[in-house]
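Residue numbers (this note's numbering): 2 to 285.
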């Protein structure tokens, strides 16, 4: 890396996606499975002023040794997934890491291996975010709207040493705010249930959104194999939106559903553009 990073811009979708995967991992058959380790690679760009923009995350499938607690991962599988990401994000490169629950797990050796094998240009320095998901309880059900509500820190790894230098960072928020991760307690108390007509109204809107998502997924399922890497990225986004729709209501459900509808419209616009391009490339 030619320019030393002095600030990081983190897309909020990365935290949203981390929460999505973490919730799936920690909730097994409806039961809370305790704090789990997770690791993501961050993709983005670094400008000439040393400002890094992390726009996407790629999860690393970790295997945990029950005796030692050490991690291992499939290098060939990870290499393939990285190559696929390069197809869909041609302007981006691997710039760092996001670790989950690093207060309880040691990721240093795993990160060192990935730096050597997949990020040799960052051997001198790389970005690392440490994040502990804020799990919900009856006392804590609000959505996270700024960094003060997140247990999140950022450091610069220098010569494989983590925590050597704190980095200034900002979160770039998109339409959907970041909800807390569902824990073992219900997110909706009985005395907070909305009126029945409001329930029906929001249920109908959610049903409509799910129907639109089904259209998106159906279209992608019929697309050509050449488009599969790009399809996978959009399908992942559709899965996250569906996951959020299936969560229990929150105090600001009106805003949440409106933002999801905006996300669907963006997906529909993308698909319509593809259809136009395909019609030009393959005239009947």
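Just so it is clear, CB atoms sit at the ideal spot from N, CA and C, and this is done for glycine as well.
query                                                                                                                                                                                   : result
Pop quiz: residue 171 and residue 10 are said to be a contact at Cβ under 8 Å. What is the actual Cβ separation, rounded to whole angstroms?                                            : 6 Å
For residue 65, which residues from the same chain have a beta carbon less than 7 Å from its beta carbon, with the 5 sequence-adjacent residues on both sides left out?                 : 38, 72
Could you pull the DSSP bridge partners for residue 46 from this structure?                                                                                                             : 54
In whole angstroms, what is the alpha-carbon distance linking residue 92 and residue 132?                                                                                               : 26 Å
Where DSSP assigns a beta bridge to residue 10, which residues make up the other side?                                                                                                  : 54, 171
If we call anything under 8 Å between Cβ atoms a contact, is residue 119 one with residue 95?                                                                                           : yes
Taking the alpha-carbon of residue 15 as reference, which of 7, 59, 46 has the nearest alpha-carbon?                                                                                    : 59
Would you kindly work out how many angstroms separate the C-alpha atoms of residue 67 and residue 122, rounded to a whole number?                                                       : 33 Å
Would you kindly work out how many angstroms separate the C-alpha atoms of residue 159 and residue 241, rounded to a whole number?                                                      : 34 Å
Can you round the beta-carbon distance between residue 100 and residue 40 to whole angstroms, since I take them to be within the 8 Å contact cut?                                       : 6 Å
Cβ atoms of residue 157 and residue 128: under 8 Å apart, would you say?                                                                                                                : yes
Kindly list the residues whose CB is nearer than 6 Å to the CB of residue 51, restricted to its own chain and excluding five residues on each side of it in sequence; keep chain order. : 4, 5, 6, 7
Output the distance between the C-alpha atoms of residue 116 and residue 26, rounded to the nearest integer angstrom.                                                                   : 25 Å
Check whether chain C comes within 8 Å of residue 110, counting only Cβ atoms and requiring the distance to be less than that.                                                          : Given the protein chain composition of this structure (a single chain), no chain C is represented.
What is the DSSP secondary structure of residue 156, reduced to helix, strand or coil?                                                                                                  : strand
Going by Cα to Cα distance, which pick from 42, 173, 174 is closest to residue 79?                                                                                                      : 42
Does DSSP put residue 132 in a helix, in a strand, or in coil?                                                                                                                          : strand
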